[in-house]
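Enquirer: Chains as they are written, first to last, in the working numbering: chain A, -5 to 141; chain B, 92 to 1263.
1. For a contact defined as C-beta to C-beta under 7 Å, what are the partners of residue 1092/B on chain A?
2. Ends of the beta strand (DSSP E) at residue 489/B?
3. Looking only at its own chain, which residues have a Cβ that is under 6 Å from the Cβ of residue 379/B, when we skip the five neighbours before and after it?
4. Measure from the C-beta of residue 94/A to each C-beta in chain B and report whether the shortest distance is under 7 Å.
5. If you compare alpha carbons, which of 1175/B, 474/B, 1235/B and 449/B is closest to residue 413/B?
6. Any beta-carbon of chain B closer than 7 Å to the one on residue 65/A?
7. Report all residues from its chain with a CB closer than 6 Å to the CB of residue 301/B; omit the five preceding and five following residues, and keep chain order.
8. Does the beta-carbon distance from residue 613/B to residue 722/B come in below 7 Å?
9. Mind checking if residue 9/A is an interface residue toward chain B, Cβ cutoff 7 Å exclusive?
10. Using a Cβ-Cβ cutoff of less than 7 Å, which residues in the same chain neighbour residue 1127/B once the five nearest sequence positions on both sides are dropped?
11. Within 10 Å of its beta-carbon, does residue 279/B have 16 or more other beta-carbons around it, so buried, or fewer, so exposed?
12. If I follow the unbroken alpha helix (DSSP H) through residue 75/A, where does it start and stop?
13. Going along chain B, which residues have a C-beta under 8 Å from residue 72/A?
14. If we define contact as Cβ-Cβ less than 7 Å, is residue 20/A a contact residue for chain B?
15. So, helix, strand or coil for residue 793/B, using DSSP?
16. Strictly by DSSP, which residues pair up with residue 215/A?
17. Could you pull the start and end residues of the beta strand (DSSP E) that residue 1087/B belongs to?
18. Hey, could you find the ends of the alpha helix (DSSP H) residue 740/B is sitting in?
19. Identify, in the order they occur along the chain, each residue of the same chain with its Cβ nearer than 6 Å to the Cβ of residue 304/B, setting aside the five sequence neighbours on each side.
20. Excluding five sequence neighbours on each side, which residues of the same chain lie with their C-beta closer than 8 Å to the C-beta of residue 1052/B?
21. If we call anything under 7 Å between Cβ atoms a contact, is residue 765/B one with residue 755/B?
22. Starting from residue 381/B, follow the alpha helix (DSSP H) in both directions and report where the run begins and ends.
23. Going by alpha carbons, who is nearest to residue 228/B out of 534/B, 263/B, 422/B and 1183/B?
24. Quick check for students: name the residue ranges of the beta strand (DSSP E) that lie wholly in the segment 861 to 943 of chain B, counting only runs of 3 or more.
25. Alpha carbon to alpha carbon, what distance is there between residue 50/A and residue 1315/B?
26. Would you verify that the beta carbon of residue 1004/B is, or is not, closer than 7 Å to some beta carbon of chain A?
27. The alpha helix (DSSP H) spanning residue 84/A covers which residue range?
28. Note down, in chain order, every chain A residue with its Cβ under 9 Å from the Cβ of residue 1282/B.
29. Mind the definition here: the segment 677 to 692 of chain B touches the segment 583 to 600 of chain B only if three or more C-beta pairs lie below 8 Å; say whether that holds.
30. Drop a sphere of 10 angstroms on the beta-carbon of residue 390/B, count the other beta-carbons inside from all chains shown, and report buried for 16 or more, exposed for fewer.
31. Determine contact between the segment 1021 to 1039 of chain B and the segment 85 to 95 of chain A, defined as no fewer than three beta-carbon pairs at a distance below 8 Å.
32. May I ask you to report which of helix, strand or coil DSSP gives residue 302/B?
33. I need the DSSP call for residue 167/B, collapsed to helix, strand or coil.
34. Looking at C-beta atoms only, is the number of pairs between the segment 1222 to 1230 of chain B and the segment 1169 to 1180 of chain B that lie closer than 8 Å three or more?
35. For residue 1244/B, I'd like the list of residues in its chain whose CB is within less than 8 Å of its CB, leaving aside the five on either flank, ordered along the chain.
36. Using a Cβ cut-off of 9 Å, pull out every chain B residue sitting near residue 12/A, in sequence order please.
Here you go:
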């Protein structure tokens, strides 16, 4: 069920190019209606936990999917992942790491922290679009999250 | 005997005869007689008288004719006239006389003139024997005598007798004896008749066929009586024929010689015993005259005397005489002569029973000799002796009594009426000898008198002897005859005056002896021969508690009571002779009349005691035992001591026996008294064969001969230095070692220790020797010394400073290197103990490394560095302050050494001065530390660089890609959003942009991959390289443009490696191979490998375009490419990754190839994983 008012996707991405390309890809599948972008890890966490700039936002309103870059200013993606998965309420939010890194230690660490998918951003545009749309489709349409 | 020729009138009263049956028989008519003659059977004999021709015929003819009829031989002995008459008669009877005579059935023997009866009978015997051998059943003999021939009845009688004895008795023969009725003197007839009863013995009855007209020649009473007697005898004989046979048989068989003879000297008969006595046969005797032939001349008068006596008194006479034997010798005989006489004078003969008295005569001679000798003996007796007969007459008075009394024998012999008392008493009176016959009042006069088995022994004072009187001892004995009657008495007397005086003196002496005995220290008592105590000394009083007064004079074993509590024989009684009690003594010894014994006496002191006693007989001057003395000692305590001693000795023997060392003991005399088990085993000689032996027997097992050995040195010194390897005195004992050649047959070396044995008084009593067979030990010691000498040589020349100590810590080796190192000479160190060897090291005595071999000591170990134990060796290093005055580092290795039993017997230590080495090591150590420090520094730098590198590559992978992605992405967005505004040239340029971003992206990826290969940790595992290659091939094939390729995969040896990285190696190499074979017609790719000693070699070979070998070194550089990009795509990172991977595995890569001839890439992987 797509609730229009409901936050659909939290995109944590510091690179505006990647951010735009990602949203563009989501939009192609009409998945970008409710995308919130956090430009660094700290903002992402403030958003999720209703702190800082997002003071007053109910932390109980969870995004249905979090697309998380690893290399982030302030608080990097792995810290954000750790915080999400450590929270009892939020750990059930699907988190997909969307990163340029093919480093094995990033992959291993992400899965260790409970990431739901780890996608390496392809340099090739077509491949990138394809990857993002597939992730969006899967987690938002096919996946049945716990109630 | 009265001669037959003696003339006398003979008258027979016929009326008296008719009563008797025999008389009627005599008067039987001739017809009956003739019948008997005819029926006469052998052996038979008839004697007949005839007086007429008719009578002759009536007798002769029937006899002869019966013989001829029966086939018997008939012999006629007679005068020729009678023979003629016989022949005439036979001829009248019709007998063929000439034939008969010719055949010899009738034989006429002329009667020899002169009446040689013996010769005639001998002739007859010849004839009879001949006839018997010729087979005649019998021989009939007729003999005829004619009174007119001058022969008389006596000749007839002789002939009859001989025929009877010699012919009829021995042969089957019938005899008829005819005698012409002589008409001569009645006496002749009577003699004839008288002979017949005797001759008739053992023969058939014979009879006179004719009635004798008694009045004709039996005229007087005498004759009548005589005939009557004969007839009576005849009748008696007939009735008692069996009795007669018995009597005559008894006489014949009697061993008592018997002889009957006529008064005229002729012998009537005798029995075989008589023949044996005189040695003549009966035939010979019958022809003898007993008085003339058998009696020696000097005895004839004697005999005649007794015959006359017999005749005078009518009593049988017994007298002695002699007979002359046939062999001329004489035999003494006793004759009991009887006479049988016809009171009428009809017959008169003697008969006698004769006894051979040769033995008696000899015995009488011996008796006479004996009596004479007895007289001589009595005469020669030393004791005064005389003999009286039952009537009291003196019949012997010997020389000694002559001397004693001064009265010669001839004055005394034959005297009676107590004459013999006068020399002793001065008057006639009964004396001792008379008491033999019966009790007399004088018996009381004797001071001492005793009866001993019929003999009387007495002593008395005789006042008359020698004028002064004397004390006499006398012994009188009755004398008996063979029948045990007292026939006399004998008395011997001795003058015992002197003895009595002596006895008095003896008593005095005994009293003195008692005093002496009383003072003896030993308890002593004396008894006399009768067992009466005569002394009981003070010591005895003390011992027994019985005072002498209560004991002296007591007999009946009173003295036994204090000892045994009862009366019994004790030791002193054994002096007089062995007794049963002797067995009761524990120990008893008899030596020349002295008895020594020991025994338990239960009653003494109430508790009993063991007494030693010595008893001796006491003798008088004559050597007679008169008493005994016994001394006793209480040896109870000594016995207890001895028992204890024996127990001790037994224990000692047990101990010696159980000693492990062979041991023996000898006493002072050299006798072996102990020989223990170990000794038996050593020598093989059992103790039983050795104990008790002396004379150096104990030397034999060792030396094979008897000789003094070590043990004898205890008793006597001698030079033995050459006998032993060494001899040494040790506190009185002797210790030696020497070779004994005989032990075990091959000799042995023995160690021996001899210790003298002393008694409590310190007297040498023996010696004990202990020996050990040290042959093996000595041999071992020699071997050991040799071994040690060799070892010392070896140690001495060891390059390391080395010394050896024994278990006691004494230095037994100190080699040259040691001398040099320490500056201490071996001779100053050898044999030293008490840590002397520590001084050169530490300047003080203290345990050092070598001592740790024997025992751990943490205090000592603290001084050592690097203590290491290698089995039983200890290796350590230490700093010692004192070697040649300088501190030095030394390395030491100390090792124990062992004997065969595994006991530590010493230790050896080798020492090296490692001061120089230590210094070098220290320098190295400092350098190493510096090096390490620098390494750590560098490593830190490297690590920092690595981290930087990591951060760098991380950044690269992120940050280089993001712009590319933006370039690519937005160029696409531009194409999409502004496609209508771009021409083809514009789009071509966008393509170029995008191609380059893709290229850039690939470069980044490859670079990152290369970087990862350098950083990644290797994950080692066993890798199946063949399988790995196949997988890589499949992967490469999948992404390659499909075409025909020939791909060969060999057997690749497995490797220990990082699977994923090697996978990439094969992928890269195969990718290359695929890429560079693309232009060739028939691509061939070969994957292979082989195993070498330390590494495996793998290769990938292709027949592609190859390369110029001069650029081979550039092949593996990063981003190094030998082809233009438009020829072959690629970034030039693949081979760099291959090289880096292989290098990280410790292997190597190389490439072979030529342009256009393909290429081969080799890489090696070490078999032992090399960790970077």
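Glycine is no exception: its CB is placed at the ideal position from the N, C-alpha and C atoms.
Expert: Put simply:
1. In the second chain, counting from the first residue as 1, residue 1092/B sits at position 1001. The contacting residues are 117.
2. Residue mapping note: residue 489/B aligns to position 398 of the second chain, counting from 1. Note, residue 489/B: premise wrong, no beta strand (DSSP E); not H, not E.
3. Position 288 of the second chain, counted from the start, is the residue given in the question as residue 379/B. If we look at residue 379/B and ignore the five residues flanking it on each side, its Cβ neighbours are 358.
4. To locate residue 94/A, count along the first chain from 1; it is residue 100. True, the Cβ-Cβ gap to chain B drops below 7 Å.
5. Here the question's residue 413/B lines up with position 322 in the second chain. Measuring from the Cα of residue 413/B, the nearest candidate turns out to be 449/B.
6. Walking along the first chain from the start, residue 65/A turns up at place 71. At least one CB of chain B lies nearer than 7 Å to the CB of residue 65/A.
7. Taking the second chain and counting its residues from 1, one reaches residue 301/B at position 210. Residue placement at residue 301/B cannot be trusted, given a pLDDT of 39 that sits under 50; what the coordinates show is reported in the next sentence. Counting only Cβ-Cβ distances below 6 Å, and skipping sequence neighbours, we find nothing.
8. Position 522 of the second chain, counted from the first residue, corresponds to residue 613/B. Position 631 of the second chain, counted from the first residue, corresponds to residue 722/B. Yes, these two residues count as a Cβ contact at 7 Å.
9. As a first step, residue 9/A is located in the first chain; it is residue number 15 there, counting from the start. At least one CB atom of chain B sits nearer than 7 Å to the CB of residue 9/A.
10. Within the second chain, the letter at position 1036 stands for residue 1127/B. Here the set comprises 1158, 1161, 1162 and 1165.
11. The count along the second chain starts at 1 and reaches residue 279/B at position 188. Unreliable placement is indicated for residue 279/B, whose pLDDT of 49 sits below 50; no coordinate value is reported for it.
12. Locating residue 75/A in the first chain gives position 81, counting from the first residue. Start and end: 71 to 80.
13. The residue labelled residue 72/A in the question sits at position 78 within the first chain. Those do not exist, as residue 72/A stays about 13 Å from chain B at its closest Cβ, beyond 8 Å.
14. Locating residue 20/A in the first chain gives position 26, counting from the first residue. By this cut-off, residue 20/A is not an interface position.
15. As a working mapping, residue 793/B is identified with position 702 in the second chain. It is helical.
16. Residue 215/A is absent from the structure shown; chain A starts at -5 and stops at 141.
17. As a position in the second chain, residue 1087/B is number 996, starting the count at 1. First-last for residue 1087/B: 1075 to 1106, but that is the alpha helix (DSSP H), not the beta strand (DSSP E).
18. Translated into positions along the second chain, residue 740/B becomes position 649. Its alpha helix (DSSP H) spans residues 727 to 749.
19. Walking along the second chain from the start, residue 304/B turns up at place 213. Bear in mind that a pLDDT of 37 at residue 304/B, under 50, signals an unreliable position, so the model cannot answer this.
20. The sequence position of residue 1052/B within the second chain is 961, counting from 1. So the list reads 1092 and 1095, once near-sequence residues are dropped.
21. As a first step, residue 765/B must be located in the second chain, where it is residue number 674. As a first step, residue 755/B must be located in the second chain, where it is residue number 664. In this structure, residue 755/B lies closer than 7 Å to residue 765/B by Cβ.
22. The residue given as residue 381/B occupies position 290 in the second chain. Segment: none, residue 381/B is in no alpha helix (DSSP H) and carries neither H nor E.
23. Taking the first residue of the second chain as 1, we reach residue 228/B at position 137. Answer by Cα proximity: 263/B.
24. Counting only runs of 3 or more, we get 892 to 897 and 902 to 905.
25. In this structure chain B extends from 92 to 1263, so residue 1315/B is not present and cannot be described.
26. On the second chain, residue 1004/B is found 913 positions in, with the first residue counted as 1. Chain A, which has no Cβ nearer than 7 Å to the Cβ of residue 1004/B, makes this no.
27. Along the first chain, read from residue 1 onward, the residue named residue 84/A stands at position 90. Premise fails: residue 84/A is in no alpha helix (DSSP H) and is neither H nor E.
28. Beyond the ends of chain B as shown, which are 92 and 1263, falls residue 1282/B; an answer cannot be given.
29. no
30. By one-based count along the second chain, residue 390/B stands at place 299. Answer is buried; the Cβ neighbour count reaches 16.
31. no
32. On the second chain, residue 302/B is found 211 positions in, with the first residue counted as 1. Note that residue 302/B has pLDDT 36, beneath the 50 cutoff, so the model's placement of it is unreliable and the number below is only indicative. DSSP places residue 302/B outside both helix and strand once states are collapsed to three, so it counts as coil.
33. Counting from one through the second chain, the residue named residue 167/B turns up at place 76. DSSP places residue 167/B in strand when its eight states are reduced to three.
34. no
35. Translated into the one-based positions of the second chain, residue 1244/B becomes position 1153. Cβ within range, chain order: 1197, 1198, 1200, 1203, 1250 and 1251.
36. Reading the first chain from its first residue, position 18 is the one you call residue 12/A. The contacting residues are 1053, 1056, 1057 and 1060.
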